[in-house]
Each structure stands twice: as structure tokens, then as C-alpha cells.
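Quick note: to get my numbering, add 363 to the position in the sequence shown (first position is 1). Positions of the beta carbon are idealized from the N, C-alpha and C atoms, including for glycine. Since we're looking at a predicted model, the values are computed, not measured.
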Amino acid sequence: MRRLPPKRLPTPPLDLGLLFLRIAGGFMLFYVHGLPKLLHYGHELTVIEDPFGFGPALSLWSAIFAEALCPLLIAAGVFTRLACLPIIGVLAIAMLAVHPDWSIAEGQFGWLLLVIFTSIALCGPGNWRLGIAREHD
Numbered sequence: 364m365r366r367l368p369p370k371r372l373p374t375p376p377l378d379l380g381l382l383f384l385r386i387a388g389g390f391m392l393f394y395v396h397g398l399p400k401l402l403h404y405g406h407e408l409t410v411i412e413d414p415f416g417f418g419p420a421l422s423l424w425s426a427i428f429a430e431a432l433c434p435l436l437i438a439a440g441v442f443t444r445l446a447c448l449p450i451i452g453v454l455a456i457a458m459l460a461v462h463p464d465w466s467i468a469e470g471q472f473g474w475l476l477l478v479i480f481t482s483i484a485l486c487g488p489g490n491w492r493l494g495i496a497r498e499h500d
């Protein structure tokens with residue numbers, strides 16, 4: 364008896380799911396964390412945690428890079444896996460070093476963002492992204 368190949372999920376639903384994760388996750392991180400840091404830079408400089416002693420300016424610029432620029436790249440599907448790495452790093456530091464006393468309930472937004480961006484890093488951006496037409500030409 365001839366064996367049929369396993370059924371695979373058609374690409375469009377998978378690509379739609381990855382697009383949704385990229386846009387929704389990118390928007391949430393940018394709007395809740397990145398944009399306020401950009402708009403209120405002076406104030407954020409006085410309140411940002413500095414867990415490794417690099418100074419508030421370097422800590423803030425690292426956070427702005429990870430929380431404002433990287434989500435935009437991810438939403439567009441540009442350098443997606445690479446752009447996830449700073450976000451994963453900042454979120455891991457925030458959850459494990461800056462707020463280790465938080466319960467899962469208190470840190471649920473951070474943990475969910477960590478799950479979202481780790482999933483995107485593992486799966487990649489999908490086919491619905493900027494620059495895809497050039498790759499197929």
C-alpha cells in the first residue's frame with residue numbers, strides 16, 4: 364500500500380498567523396514601551412533601571428533600540444529574526460534581573476511578549492513581508 368505524504372498546513376494561513384504576530388506584537392511593544400521612552404526621554408533617563416551599572420543613558424538607548432526600532436523592523440518583516448534578539452534580551456533582563464520578585468501574574472505582559480518574539484525568532488517572518496518580491500525574481 365502506498366503511503367501518502369503527511370498533510371502540511373497551507374502556506375497562506377501560516378503566513379497570515381505570522382503576519383498577525385509580527386504586527387500585533389510589534390505594535391504592543393512599540394506603543395506601550397518604545398514610544399513613551401522616545402516621547403519622554405528626559406524623564407525616562409531619570410527612572411530607568413540600570414541592572415548592570417552601564418549608566419542610565421546606555422541602558423535607555425539599549426531599551427529604545429529594542430523597544431522602538433526593532434518592533435518596526437519586525438512588523439515590516441525586515442531582518443526579523445535578528446531584530447527579535449535585542450527584544451528577547453531586554454525582556455529576559457527585565458523579567459529575570461530587574462523584576463525577579465514579580466509573580467507570573469504581575470509580569471504577564473512581559474512574559475507574553477517574550478513568548479511572542481521568541482516564537483517569531485524561531486519561525487521567521489513568513490512570506491508576507493517587505494522585500495519578498497525581490498527574493499523571488
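Find out if the Cβ-Cβ distance for the pair residue i, residue j is shorter than 8 Å.
i	j	result
G494	V410	no
I437	I483	yes
E430	F393	yes
L408	P399	no
G470	H462	yes
C433	I456	no
P414	A446	no
Sorted by chain position, which residues of the same chain lie with C-beta nearer than 7 Å to residue i's C-beta, five sequence neighbours on each side aside?
i	result
P488	L381, R385, G440, T443
L374	The sequence as given places Thr at residue 374; Leu does not occur at that position. Taken in chain order, the residues that qualify are N490.
G397	I427, E430, A431, P434
Quick one: what's got a C-beta closer than 8 Å to residue i's C-beta in the same chain, skipping five residues either side?
i	result
V395	F472
M458	W465, G470, G473, W474, L477
L377	G489
What is the C-beta distance between residue i and residue j, in whole angstroms, given that I count them as a contact (C-beta under 8 Å)?
i	j	result
R485	L454	The displayed chain sequence assigns Leu, not Arg, to residue 485. Not confirmed; about 15 Å, so no contact.
G389	L421	Wrong, their Cβ atoms sit about 24 Å apart, outside the cutoff.
Got a sec? Which residues, its chain only, sit under 6 Å from residue i by beta carbon, not counting five neighbours each side?
i	result
A387	none
R492	G440
Task: Runs of alpha helix (DSSP H) wholly within the stretch 422-468 (minimum 4 residues, chain order) - done: Fully enclosed alpha helix (DSSP H) runs of 4 or longer: 433-439, 443-456.
TODO: Please specify which runs of the alpha helix (DSSP H), each continuous and at least 4 residues long, are wholly inside the stretch 376-407, giving them in chain order.
DONE: Complete alpha helix (DSSP H) runs here, min 4: 398-402.
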